[in-house]
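In terms of full-length UniProt numbering, the sequence shown opens at residue 1 and continues consecutively.
All C-beta atoms in this analysis are idealised placements derived from N, C-alpha and C, irrespective of residue type, glycine included.
What follows is a single structure, written as structure tokens, with notes after it.
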Amino acid sequence: MPPPPTPTTPTPPAAAASATATAITTTTTTTTTTTTTTTTTTTTTTTTTTTTTTTTTTTTTTTTTTVVVAAAAAAAAVAGGGGV
Numbered sequence: 001m002p003p004p005p006t007p008t009t010p011t012p013p014a015a016a017a018s019a020t021a022t023a024i025t026t027t028t029t030t031t032t033t034t035t036t037t038t039t040t041t042t043t044t045t046t047t048t049t050t051t052t053t054t055t056t057t058t059t060t061t062t063t064t065t066t067v068v069v070a071a072a073a074a075a076a077a078v079a080g081g082g083g084v
């Protein structure tokens, strides 16, 4: 006589919802400003000339990264289960 079939448990709504995806977006902005000042003085027998040059360069870099993970995997990672 074969063993009785194993009963199946319906999936609870929370577990069904965990199959949806979660997007994690990280934005990093880096701004670098460089200022260079050069002063040159030239003297001849009759005149003195001073020239000052200032150059300012500003560079802004923005990086946006979006990672989409399954909510179940994210929940497992938060709970300490790893999985992401």
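- Cβ neighbours of Thr42 within its own chain (closer than 6 Å, five residues either side excluded): Thr49.
- Of the candidates Thr39, Pro3, Thr27, Thr36, Thr27 places its Cα closest to the Cα of Thr62.
- Taking 8 Å as the cut-off, the Cβ atoms of Thr37 and Thr52 count as close.
- Collapsing the DSSP output to three states places Thr25 in a strand.
- Secondary structure of Thr61 (DSSP, three-state): strand.
- Nearest Cα to Val67 within the set Pro3, Ala23, Pro4, Pro5: Ala23.
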